[in-house]
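Colleague:
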Amino acid sequence: MKPDLNQYKAFIFDLDGTLIDSEKYHADGFSQAVEALTGYQITDEERREFFESHTNTFAPILAKRHGLTFDVAEVLRRKRRHVEKHFRTDVFPQAIHFIRKWRARKRLALASNSPKSFVRNALVEGRMIDLFETVCTADDVEHRKPDPEMYLLTLEWLKLAPEETIVFEDSPAGVHAAQAAGCPVVMMENGSGRTVDGVEKFTWRELS
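The opening position of the sequence shown corresponds to residue 1 in UniProt numbering, with each subsequent residue numbered one higher.
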């Protein structure tokens with residue numbers, strides 16, 4: 001059932017995979033970093049696993065699984081260099097239409113697992129820098145999604161209770177983070193095929 005969005009005071013949005021089509025850049029950067037350091041080529045299934053996690057968490061899992069030896073910090077540095085070199089902001093048009101439709105009536109916030117520098121560049125390039133009241137990134141928290149810290153901090157900044165907001169996410173990790181923070185959450189359809197039991201998926205067009 002389509003949620004009644006009028007009842008919420010604020011909308012909190014994920015960035016990668018929700019507002020912009022960027023996940024492929026992160027996965028390519030991670031894959032190339034691991035291959036350069038170890039010679040191992042990650043599988044398509046491992047790319048999907050990476051989408052549900054982040055470099056600091058998934059790199060050690062991958063190393064243990066295949067007996068690989070590498071410095072996680074170096075993987076992260078190489079991945080970031082790749083993303084910075086190749087990334088181009090590809091905004092989902094219907095997402096921006098949705099945001100601009102509600103902007104005058106709702107407080108808008110962003111909560112992204114990506115570093116602050118990447119998020120700012122994406123928002124500037126995507127002409128979204130002026131759309132959000134607060135922006136929480138990986139640099140603002142100790143624990144990334146699926147930990148709820150990022151959403152709890154955003155709620156603190158907004159001075160709102162969880163039930164006064166609704167979160168828009170595309171990944172199970174993000175959905176679980178929002179749920180753990182006590183926030184209602186909508187899962188966005190972006191063609192990834194990812195689902196969460198009990199959480200209905202919508203396109204931006206369906207919500208507009």
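No residue lacks a Cβ here, since even glycine has one placed at the ideal position from N, Cα and C.
Run through the DSSP bridge pairs and tell me what Arg107 is partnered with.
Modeller: Counting from 1 along the sequence shown, the entry for residue 107 is found at position 107. Answer is Ala10, bridged to Arg107.
Colleague: Which residue's Cα is closest to the Cα of Ser22: Ser112, Val167, Ala33, Ser208?
Modeller: Here residue 22 corresponds to residue number 22 of the sequence shown, with the count starting at 1. Minimum Cα distance to Ser22 is reached at Ser112.
Colleague: So what does Glu169 bridge to, in DSSP terms?
Modeller: Position 169 of the sequence shown, counted from the first residue, corresponds to residue 169. According to DSSP, which records beta bridges pairwise, Glu169 is partnered with Met187.
Colleague: Taking 7 Å as the limit between beta carbons, can you name the residues of its chain near His86, skipping five residues before and five after?
Modeller: Counted from its first residue, the sequence shown places residue 86 at position 86. Result list for His86: Tyr25, in chain order.
Colleague: Can you tell me which of Asn190, Leu158, Val119, Thr195 puts its alpha carbon nearest to the alpha carbon of Arg205?
Modeller: Along the sequence shown, one-based indexing puts residue 205 at 205. The shortest Cα separation from Arg205 among Asn190, Leu158, Val119, Thr195 belongs to Asn190.
Colleague: On the DSSP bridge assignment, give the partners of Phe202 in chain order.
Modeller: As a first step, residue 202 is located in the sequence shown; it is residue number 202 there, counting from the start. BP columns for Phe202 point to Met188.
Colleague: Is Asp71 buried or exposed, if buried means 16 or more other CB atoms sit within 10 Å of its CB?
Modeller: As a position in the sequence shown, residue 71 is number 71, starting the count at 1. With fewer than 16 Cβ atoms within 10 Å of its Cβ, Asp71 is classed as exposed.
Colleague: Classify residue 217 as buried or exposed, calling it buried when 16 or more other Cβ atoms lie within 10 Å of its own Cβ.
Modeller: Any property of residue 217 remains undetermined from this structure, which presents the chain solely from 1 to 208.
Colleague: Spatial neighbours of His82 within its chain, please: C-beta separation below 8 Å, excluding the five flanking residues on both sides.
Modeller: Taking the sequence shown and counting its residues from 1, one reaches residue 82 at position 82. Here the set comprises Tyr25, Asp28, Gly29, Gln32, Ala33.
Colleague: Using C-beta distances below 7 Å, list every residue in its chain close to His54, excluding the 5 sequence neighbours before and after it, in chain order.
Modeller: Indexing the sequence shown from 1 puts residue 54 at position 54. Cβ neighbours of His54 beyond the five flanking positions: Asn113, Arg144.
Colleague: Inspect the beta-carbon positions of Ala10 and Leu160 and report whether they are closer than 8 Å.
Modeller: Sequence index remark: in the sequence shown, residue 10 carries index 10 (1-based). Sequence index remark: in the sequence shown, residue 160 carries index 160 (1-based). In this structure, Leu160 lies closer than 8 Å to Ala10 by Cβ.
Colleague: Using the rule of at least 16 other Cβ atoms within 10 Å of the residue's Cβ for burial, across every protein chain shown, is Asp197 buried or exposed?
Modeller: Residue numbering aside, residue 197 sits at position 197 when the sequence shown is read from its first letter. With fewer than 16 Cβ atoms within 10 Å of its Cβ, Asp197 is classed as exposed.
Colleague: By DSSP, does Asp4 sit in helix, in strand, or in coil?
Modeller: As a working mapping, residue 4 is identified with position 4 in the sequence shown. In this structure, Asp4 counts as coil in the three-state DSSP scheme.
Colleague: Helix, strand or coil for Lys55? Go by DSSP, reduced to three states.
Modeller: Here the question's residue 55 lines up with position 55 in the sequence shown. Residue identity differs from the one stated: residue 55 is Thr in this sequence, not Lys. Helix.
Colleague: Hey, Phe13 and Phe118 are a contact pair by Cβ (cut 8 Å); roughly how many whole angstroms apart?
Modeller: Position 13 of the sequence shown, counting from 1, holds the residue named residue 13. Position 118 of the sequence shown, counting from 1, holds the residue named residue 118. Incorrect: roughly 15 Å between the Cβ atoms, too far for contact.
Colleague: Counting C-beta neighbours from all protein chains within 10 Å, is the total for Asp139 16 or more, i.e. buried, or is it exposed?
Modeller: Translated into positions along the sequence shown, residue 139 becomes position 139. Classification of Asp139: exposed, given that the 10 Å Cβ count is below 16.
Colleague: Thinking Lys106 and Tyr8 are a contact (beta carbons under 8 Å), I'd like their distance in whole angstroms, please.
Modeller: Within the sequence shown, the letter at position 106 stands for residue 106. Within the sequence shown, the letter at position 8 stands for residue 8. About 7 Å; that satisfies the 8 Å criterion.
Colleague: Under three-state DSSP, which class holds Asp28?
Modeller: Mapped onto the sequence shown, residue 28 falls at position 28. Correct three-state label for Asp28: helix.
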